[in-house]
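Undergrad:
Numbering (my numbering), first residue to last: 502 to 775.
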């Protein structure tokens, strides 16, 4: 069929896990047709959060949904840039918003950054663009292990001890080890808060309204100022995590964060030697 050629009125769609561009099949496609490849977003690649955020905004705009910044951060993490899951979860949120109910936090997991409100039907006229809050995302989108760790990091950053302990207990109940929780959630959060605090104090960076503002500020710094920052596997700065931390770094003194890092070291030693 391909050798005979495909007419301009035909759209030939191939759905596959991966396209091997070295194969003769793909090379034949290039010769015979106008090829467009839509690769799945790689969540292990630097900057995937920004790209995923744009995908979510674009799909949400079609449904006339407006995300709060913290709600978008959580939604991006929980959906991982998977367009099918993004669309499914947005459809769920859109349907929920159309009923006129207001979101509440999950049972046993109140919001770290906003207060839950009463789930009472709202009979007031709806706005053209429903607002998607972090509570709504937390209630409707399945909370994975990564989501719980993200929420634990947020709870630590806003100094919500009760919520942090609740989430630690949930992770332990799911079979996570204490050392795993320490190294996957607590240490990175304290470290990022300390690094963000140091950048803000040492280079005059302002508290950002969103992580992306802080990413832009980091990118404008000289290489010498960023050479100590944590990197991803591809060697790029893990700026998104620092941007999230920078939103709450002003709640801590530098000495407090240094003491917290020392406490993490002590806890690490006790966990691995007992």
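Glycine included, every Cβ here is placed at the ideal spot set by N, Cα and C.
Determine the direct distance from the alpha carbon of residue 583 to that of residue 750, and round the result to whole angstroms.
TA: 30 Å
Undergrad: Tell me whether the stretch 521-537 and the stretch 719-735 touch, counting them as touching only if at least three CB pairs, one residue from each stretch, are closer than 8 Å.
TA: no
Undergrad: To the nearest angstrom, report how far apart residue 515 and residue 574 are at their CA atoms.
TA: Distance between residue 515 and residue 574, taken at the CA atoms: about 32 Å.
Undergrad: What's the gap between the Cα of residue 623 and the Cα of residue 600?
TA: Unreliable placement is indicated for residue 623, whose pLDDT of 49 sits below 50; the coordinate value is still reported in the next sentence. Approximately 9 Å, taken between the alpha carbons.
Undergrad: Can you name, in chain order, every residue of its own chain whose Cβ lies under 6 Å from the Cβ of residue 715, other than the five neighbours on each side?
TA: 709, 744 and 747
Undergrad: What is the C-beta distance between residue 591 and residue 559, in whole angstroms, given that I count them as a contact (C-beta under 8 Å)?
TA: The Cβ separation is near 10 Å, so there is no contact.
Undergrad: With a cut-off of 8 Å, do at least 3 Cβ pairs link the stretch 675-690 to the stretch 768-775?
TA: Verdict: yes, contact present.
Undergrad: Pick helix, strand or coil for residue 607, following the three-state DSSP scheme.
TA: Here residue 607 scores only 45 on pLDDT, less than 50, and its place in the model is too uncertain to base an answer on.
Undergrad: Taking its Cβ as the centre, do 16 or more other Cβ atoms sit within 10 Å of residue 577, making it buried, or is it exposed?
TA: buried
Undergrad: Have a look at 732, 580 and 764 and flag the residue whose alpha-carbon is nearest the alpha-carbon of residue 647.
TA: 580
Undergrad: What ranges does the beta strand (DSSP E) occupy inside the stretch 626-680, keeping only unbroken runs of at least 3 residues that lie completely in it?
TA: Qualifying beta strand (DSSP E) stretches: none in this window.
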